[in-house]
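A.B. asks: Have a look at this one before I ask anything.
Number of protein chains: 2
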Amino acid sequence: MSALFDLNTWSHTRLAEVEAALGAWVTADAPQGVDHGAPAELVDAMRYAVLDGGKRLRPLLVLAAHEAVCPLRERAATYTAALRAACAVELIHAYSLVHDDMPCMDNDVLRRGKPTVHVQFGEASALLAGDALQALAFELLTPLDDSVAPATQARLCGLLARAAGSAGMAGGQAIDLASVGMPLSESQLREMHELKTGALLQGSVLMGACCGAPGPAALAALENYGAAIGLAFQVVDDILDVTADSATLGKTAGKDADNDKPTYVSLMGLDASQAYAQALLSQACTALDASGLPDTQALRALADMVVNRAC
Amino acid sequence: MSALFDLNTWSHTRLAEVEAALGAWVTADAPQGVDHGAPAELVDAMRYAVLDGGKRLRPLLVLAAHEAVCPLRERAATYTAALRAACAVELIHAYSLVHDDMPCMDNDVLRRGKPTVHVQFGEASALLAGDALQALAFELLTPLDDSVAPATQARLCGLLARAAGSAGMAGGQAIDLASVGMPLSESQLREMHELKTGALLQGSVLMGACCGAPGPAALAALENYGAAIGLAFQVVDDILDVTADSATLGKTAGKDADNDKPTYVSLMGLDASQAYAQALLSQACTALDASGLPDTQALRALADMVVNRAC
Chain A
1 MSALFDLNTW SHTRLAEVEA ALGAWVTADA PQGVDHGAPA ELVDAMRYAV
51 LDGGKRLRPL LVLAAHEAVC PLRERAATYT AALRAACAVE LIHAYSLVHD
101 DMPCMDNDVL RRGKPTVHVQ FGEASALLAG DALQALAFEL LTPLDDSVAP
151 ATQARLCGLL ARAAGSAGMA GGQAIDLASV GMPLSESQLR EMHELKTGAL
201 LQGSVLMGAC CGAPGPAALA ALENYGAAIG LAFQVVDDIL DVTADSATLG
251 KTAGKDADND KPTYVSLMGL DASQAYAQAL LSQACTALDA SGLPDTQALR
301 ALADMVVNRA C
Chain B
1 MSALFDLNTW SHTRLAEVEA ALGAWVTADA PQGVDHGAPA ELVDAMRYAV
51 LDGGKRLRPL LVLAAHEAVC PLRERAATYT AALRAACAVE LIHAYSLVHD
101 DMPCMDNDVL RRGKPTVHVQ FGEASALLAG DALQALAFEL LTPLDDSVAP
151 ATQARLCGLL ARAAGSAGMA GGQAIDLASV GMPLSESQLR EMHELKTGAL
201 LQGSVLMGAC CGAPGPAALA ALENYGAAIG LAFQVVDDIL DVTADSATLG
251 KTAGKDADND KPTYVSLMGL DASQAYAQAL LSQACTALDA SGLPDTQALR
301 ALADMVVNRA C
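Respectively, the protein sequence lines represent chains A and B. So for the first sequence, the numbering used here puts the first residue at 1; every next one is plus one. So for the second sequence, the numbering used here puts the first residue at 1; every next one is plus one.
What follows is the structure, given as structure tokens:
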């Protein structure tokens with residue numbers, strides 16, 4: 001993307017703040033106004049699932065969308081909301097991986113280069129840790145102090161719940177589950193991925209935006225941007241599943257083909273999948289052009305990273 | 001309780017509205033503003049888990065607390081919020097049962113007189129249905145129209161997330177899991193149950209209350225009431241596990257003893273457990289006396305039902 005914008009530099013400080021916030025918020029400490037803290041054994045599994053791993057793409061999308069929507073001079077006032085939103089979407093993502101890896105789902109033993117949560121802590125603890133991470137996401141969005149405006153809290157909870165739920169991520173996983181070994185058309189495959197992966201990626205963009213006060217045109221453009229990168233992410237995931245090895249991915253490669261899962265590569269071939277990913281990147285950039293927002297460099301660079309990543 | 005108040009009559013109309021609302025809201029329809037509906041196979045499992053079963057104690061507590069806090073002439077304006085809160089806590093309760101029954105947890109096959117969700121739909125679908133029900137609870141609390149004030153939406157989401165999460169229900173389940181076969185003191189057992197069952201029951205009372213505008217004294221009294229009935233519920237559950245049969249309970253009786261789980265009955269004996277339940281009922285009523293609220297008959301009758309129920 002722009003030669004003047006360095007994504008690594010931009011990401012570096014933001015990732016440090018996200019990691020610190022996750023470390024501080026996924027704890028056994030009793031939240032204000034609650035008599036009890038969380039039991040240490042549960043929190044250990046939750047921290048294991050969340051900390052020290054992952055690209056943190058969703059938190060970066062939240063923060064980049066927040067910056068795109070908020071002029072610099074207004075950013076500080078809503079930064080707490082954006083940071084909480086960034087951590088909340090990551091908790092939802094982390095819980096979905098914990099449950100998705102369980103024996104009754106994908107039965108995977110390796111994730112981010114470590115044993116999966118159920119391998120490390122047992123299935124029951126993995127189930128509960130995932131459940132508690134989902135709840136914690138909504139706790140983060142509803143701080144008991146006045147650091148996030150109530151209307152913003154409500155809007156963030158609504159966006160996250162819909163992105164995570166039956167018409168979003170969980171719904172996409174259910175379609176995925178039902179479609180193993182079934183021939184899917186390209187439109188059915190797209191619909192599955194729009195829900196399974198796309199909804200939370202698009203939700204991240206919208207949550208970041210709604211920490212500010214975007215106009216309807218900007219919001220619609222960001223919705224299109226989010227849809228394009230959400231789909232691109234999955235197309236690239238399917239490509240990497242056949243082109244990368246497990247060590248690079250930090251998870252088991254070739255898993256989808258082994259499980260006879262429909263993928264973009266199995267449906268349209270490798271070359272066409274790669275061309276499709278590039279077309280979606282163009283779509284994302286066109287949407288940003290149409291947004292009328294001045295500061296979309298980070299969103300552009302993140303779209304580029306989604307499509308041209310090696311793992 | 002008061003001879004002039006008939007809980008059955010009071011419950012009848014409210015339960016009908018809760019059932020109708022749950023039936024309408026747990027659906028495959030695309031919510032406004034979302035491109036996709038939920039896949040039918042997932043929604044089938046969600047509806048199976050939620051509809052046609054259960055005492056609906058938590059929804060009734062929400063509605064009773066709302067009525068206690070809101071004078072009749074002000075009640076209609078916040079009724080939508082209370083009904084949504086009532087359904088949201090029931091969805092959280094339902095999801096916890098689905099996950100709790102799974103083979104890696106309690107491995108139970110019978111619930112509310114029907115095969116459990118994983119027996120009926122498979123483990124993966126049960127896992128996803130539970131996950132989606134938790135998200136749906138927060139969707140219900142954040143309607144996209146203006147039927148619930150944003151500040152109320154935020155407060156309800158915050159209360160529900162904390163009641164359900166690692167310092168609430170999920171935390172209590174983790175302690176429960178870790179304590180099988182372990183000797184627990186009465187205070188350890190109480191702490192476990194305050195989280196596992198008490199937090200969501202108390203949360204129901206507080207959510208109903210916060211749909212209105214209770215003063216600090218009334219809110220503190222309702223918090224005490226909720227704590228007392230939350231604990232009483234579990235003491236009675238332990239009593240019924242040894243005194244009732246599976247057909248009456250609609251779930252497998254004697255399960256706790258078989259699993260070598262610590263219970264009030266195993267710790268203090270049957271007679272002392274029954275006396276303790278009655279003492280907690282007195283505590284709950286004393287809290288209502290101290291609340292200064294005029295219309296607490298339904299809350300009183302529900303406390304009585306919790307302690308003196310047969311199943």
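Positions of the beta carbon are idealized from the N, C-alpha and C atoms, including for glycine.
1. Could you have a look at residue 110(B) and say whether DSSP puts it in helix, strand or coil?
2. Could you tell me whether the Cβ atoms of residue 134(B) and residue 95(B) are closer together than 9 angstroms?
3. Quick one: list the residues of chain A neighbouring residue 138(B), beta-carbon separation under 7 angstroms, in chain order.
4. Report, in whole angstroms, the separation of the C-beta atoms of residue 132(A) and residue 42(A), which I expect to be a contact under 8 angstroms.
5. Tell me, please, whether the CB atom of residue 90(A) is closer than 9 angstroms to any CB atom in chain B?
6. With three or more C-beta pairs closer than 8 angstroms as the rule, is the region 79-93 of chain B touching the region 101-109 of chain B?
7. Taking all protein chains shown into account, decide if residue 155(B) is buried (16 or more other Cβ within 10 angstroms of its Cβ) or exposed.
8. Report the three-state DSSP secondary structure of residue 216(B) (helix, strand or coil).
9. Say whether the region 191-208 of chain B touches the region 226-240 of chain B, bearing in mind that this needs 3 or more beta-carbon pairs closer than 8 angstroms, one atom from each stretch.
10. Identify which residue in 194(A), 183(A), 217(A), 153(A) has its Cα closest to the Cα of residue 280(A).
11. Measuring straight from C-alpha to C-alpha, what distance separates residue 139(B) and residue 151(B)?
12. Can you name, in chain order, every residue of its own chain whose Cβ lies under 7 angstroms from the Cβ of residue 5(B), other than the five neighbours on each side?
13. Beta-carbon separation of residue 314(B) and residue 61(B) under 9 angstroms?
14. Are residue 166(A) and residue 38(B) closer than 9 angstroms when you measure CB to CB?
15. Under 9 angstroms, CB to CB, which of the residues in the region 111-141 of chain A have a partner in chain B?
16. Would you say residue 166(B) reaches chain A, if we count a Cβ-Cβ gap shorter than 9 angstroms as a contact?
17. Between 83(B), 177(B), 116(B), which lies nearest to residue 46(B) when the distance is taken from Cα to Cα?
18. Once DSSP output is grouped into helix, strand and coil, what is the label at residue 59(A)?
19. Quick test of your reading: residue 295(A) and residue 67(A), contact by CB under 8 angstroms. State the CB separation rounded to the nearest angstrom.
20. For residue 262(B), name the three-state secondary structure that DSSP assigns.
21. Based on the DSSP output, what are the partners of residue 115(B) in its beta bridges?
22. Can you grab the Cα-Cα spacing for the pair residue 162(A) / residue 142(B), in whole Å?
23. What's the call for residue 125(A), buried or exposed, on a 16-neighbour Cβ count within 10 Å?
24. I'd like to know if residue 39(B) contacts chain A, where contact means its C-beta is closer than 9 angstroms to some C-beta of that chain.
25. In the DSSP assignment, find the unbroken alpha helix (DSSP H) run with residue 78(A) in it and report its ends.
26. Hey, quick one: how far does the alpha helix (DSSP H) through residue 23(B) stretch, first residue to last?
27. Secondary structure at residue 197(B), three-state DSSP: helix, strand or coil?
28. Less than 9 angstroms between CB atoms is the rule here; does residue 216(A) satisfy it with respect to chain B?
29. Closer than 8 angstroms between beta carbons: that is the criterion. Which residues of the region 212-238 of chain B meet it against chain A?
30. Buried or exposed: residue 177(B), going by 16 or more other Cβ atoms within 10 Å of its Cβ?
31. Out of 160(B), 144(B), 123(B), point me to the one whose CA is closest to residue 91(B)'s CA.
32. Mind checking if residue 201(B) is an interface residue toward chain A, Cβ cutoff 9 angstroms exclusive?
33. Which bits of chain C does residue 43(B) rub up against, with CB to CB less than 7 angstroms?
34. In angstroms, rounded to a whole number, what distance separates the CA positions of residue 18(B) and residue 309(B)?
35. Which residues of chain B have a Cβ atom closer than 9 angstroms to the Cβ of residue 102(A), listed in chain order?
36. Since residue 150(B) meets chain A, which of its residues come closer than 9 angstroms, beta carbon to beta carbon?
C.D. replies: In this structure, then:
1. strand
2. yes
3. 138, 157, 161
4. 6 angstroms
5. no
6. no
7. buried
8. helix
9. yes
10. 194(A)
11. 15 angstroms
12. 297, 301
13. Lying before the first or after the last residue shown, residue 314(B) is absent from chain B, which here runs from 1 to 311.
14. yes
15. 118, 122, 123, 124, 125, 126, 127, 128, 129, 130, 131, 132, 133, 134, 135, 136, 137, 138, 139, 140, 141
16. yes
17. 116(B)
18. helix
19. 6 angstroms
20. coil
21. 110(B)
22. 10 angstroms
23. buried
24. yes
25. 72-100
26. 7-25
27. helix
28. no
29. none
30. buried
31. 160(B)
32. no
33. Reference to chain C is not applicable here, since the protein chains of this structure are A and B.
34. 21 angstroms
35. 104, 123, 124, 127
36. 149, 150, 151, 152, 153, 154, 155
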